[in-house]
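Written below as structure tokens is the structure these notes are about.
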Amino acid sequence: MNRTTIVERELIKAILQGDYPAGSQMETERELAVNYQIGRPAIREVLQRLSHGGWLTLKKGHRAVVNDYWYGGNSTTIVDIIEYFDQVPDAFVLYFLEMRIALTPQYVKKAVKLNHPKVVGVLSEIDELPDLPEAFAFYDWKVQKELARLSENPIFSLVLNSFEPAFVKIAMKYFESSFRREASLSYYKKLLDAALKGDEQQAEKLALAMMEKSHALWENQLSPHEKIGVKFKFDDIQ
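For the sequence shown, the tail end lands on 923 under our numbering, and the numbers increase by one without skipping.
Next up, the structure:
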């Protein structure tokens, strides 16, 4: 890992830990260069990357301002958060599942309506799916990407692609439960049946019901403290 990557990780860690609250200013480039024992051009490169990732707002001649990353960030921010944690925060998984409630039924419906024979082809692989968290995580990701593509709305694919580095890590945590794996397997089979019939309305209903069930299953196992939101602990960060 090169020095600029290390500095970038350290600054993200500091932001997540609250050392730089939203709206606060970072040190000057010169001060950061001294603190991290790296040249100013390298510091400038790091700050630019963090700006593109939604962590900072840069203005020429001024110190970098820290964004509220939940609301001023972007998909890169999400990937950064997931990448730097050994364990994905439970509330973060809940946020992700809630987002899927809004998106998944739409591209599932369109995929079945426009390309139901190909949807059948994707879902027919469930008979060979091993009962393992990793296998379910990778298969579920494959299903989501393929159905988004088959919806023929490229925005769905672009949104999902932006989450690719994070999705499998989140999914592996979700599929640690055999009960949740069984629920998803049942959903895949029902969705396959709807696709065989070319019934996009039923496919949409199944997808919505499953996304809501996934959200409820995860939420029910969270403590009241965890439901408040994502709380980052230093020991969780790599």
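Quick reminder that beta carbons are idealized off the backbone N, C-alpha and C, glycines included.
Here the structure is a predicted model, which is why all the values come from computation and not from measurement.
Grab me the residues of residue i's own chain with a C-beta within less than 7 angstroms of its C-beta, minus the 5 sequence neighbours each way, in chain order.
i, result
"glutamate 768", "Pro850"
"lysine 874", "Ile811"
"phenylalanine 781", "Ile855"
"tyrosine 859", "Val778, Arg865, Trp903"
State the start and end residues of the unbroken alpha helix (DSSP H) segment that holds residue i.
i, result
"proline 726", "725-737"
"tryptophan 903", "885-905"
"glycine 758", "From DSSP, glycine 758 is part of no alpha helix (DSSP H); its letter is neither H nor E."
For residue i versus residue j, is the C-beta spacing smaller than 8 angstroms?
i, j, result
"valine 773", "lysine 854", "yes"
"leucine 835", "alanine 796", "yes"
"glutamine 710", "valine 764", "no"
"phenylalanine 823", "serine 869", "no"
"valine 805", "leucine 877", "yes"
"serine 736", "phenylalanine 848", "no"
"methionine 857", "glutamate 819", "yes"
Tell me whether residue i is buried or exposed, calling it buried when 16 or more other Cβ atoms sit within 10 Å of its Cβ.
i, result
"phenylalanine 864", "exposed"
"histidine 900", "buried"
"tyrosine 792", "buried"
"tyrosine 756", "exposed"
"histidine 747", "exposed"
"leucine 843", "exposed"
"leucine 741", "buried"
"glutamate 693", "buried"
"isoleucine 913", "Model confidence at isoleucine 913 stands at a pLDDT of 46, short of 50, so the residue's coordinates are unreliable; what they give is reported in the following sentence. So isoleucine 913 counts as exposed."
"isoleucine 766", "buried"
So, at 6 angstroms on beta carbons, what are the nonlocal neighbours of residue i in its own chain, with the 5 sequence-adjacent residues on each side left out?
i, result
"proline 790", "Glu889, Ala892, Leu893"
"glycine 883", "His801"
Report back the beta-carbon spacing between residue i and residue j to the nearest angstrom; my notes put them in contact at under 8 angstroms.
i, j, result
"tryptophan 903", "valine 778", "6 angstroms"
"isoleucine 700", "leucine 717", "Incorrect: roughly 13 angstroms between the Cβ atoms, too far for contact."
"lysine 798", "glutamate 885", "4 angstroms"
Leaving out the 5 sequence neighbours to the left and right, which residues in its chain are closer than 8 angstroms to residue i when beta-carbon positions are compared?
i, result
"glutamate 714", "Arg725, Ile728, Arg729, Leu732"
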